[in-house]
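Counted from 1, the sequence shown has number 141 at position 141 by full-length UniProt numbering; the numbering is strictly sequential. As structure tokens, the structure follows; a few thoughts come after it.
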Amino acid sequence: MGFLMNEVKKGSLVKIHYAGRLEDGSSFDSTQGKKPLEFKVGGGQVFPAFEKELIGLKEGDKKSFTLKPEDAYGFSREELIVEVLRRNLPQDLSPHVGQQIEIKQKKTGKITQAEIIRLSENSVTINANHPLADKTLHFDVEIVSIQ
């Protein structure tokens with residue numbers, strides 16, 4: 001009787017180690033030195049295109065793959081770049097370009113991360129697009145376990 005290796009499929013609970021790099025080779029995320037990422041395939045925790053790359057892999061398998069922007073964080077949306085009058089900012093904020101801030105959406109009350117991208121005398125321009133929008137992402141993945 002042969003030993004059946006478990007394969008990644010929809011509904012599998014997987015643990016993976018991964019390293020994510022941009023096209024210039026710089027790292028944007030990694031589980032190296034940390035606990036593996038655990039998620040249910042098809043559970044919506046990672047990009048569907050990322051999951052698709054794992055289907056059929058077995059414990060111990062390693063794979064490298066690339067996700068285009070449309071399969072990852074998407075493309076920048078112009079409506080997420082807004083100019084805010086300085087008088088509408090918190091009094092204790094000393095804004096500078098590159099600063100990460102949290103903004104509260106009026107309609108939903110949801111907190112979103114944004115980056116200050118421009119300053120003028122009377123206003124601040126913020127970008128609430130995901131920092132990895134417009135980016136092609138490269139991944140090196142190792143399957144640690146499958147349940």
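Every residue gets a Cβ at the ideal spot worked out from N, C-alpha and C, and that includes glycine.
Quick check: the Cα distance between residue i and residue j, rounded to an integer number of angstroms?
i	j	result
Ala49	Glu115	27 Å
Met1	Phe39	Reliability of the predicted coordinates at Met1 is poor, the pLDDT of 43 falling under 50, and the value obtained from them is presented with this limitation in mind. Cα to Cα, Met1 sits roughly 31 Å from Phe39.
Phe75	Asp29	19 Å
Lys15	Leu137	20 Å
Lys10	Val41	5 Å
Using the three-state DSSP reduction, which class does residue i fall into: helix, strand or coil?
i	result
Ala114	strand
Pro131	coil
Glu102	strand
Asp92	coil
Glu79	helix
Gly2	Per-residue confidence for Gly2 stands at a pLDDT of 45, beneath the threshold of 50, marking its modelled position as unreliable; the derived number appears in the next sentence. The answer is coil: DSSP assigns Gly2 none of H, G, I, E or B.
State the start and end residues of the unbroken beta strand (DSSP E) segment that holds residue i.
i	result
Ala19	13-21
Val141	137-146
Taking the alpha helix (DSSP H) that residue i falls in, what are its first and last residues?
i	result
Leu54	48-54
Between residue i and the ligand NAD, is the CB less than 7 Å from at least one heavy atom?
i	result
Glu115	Absence of the ligand NAD from the depicted structure is noted, as is the absence of any ligand whatsoever, leaving it without description.
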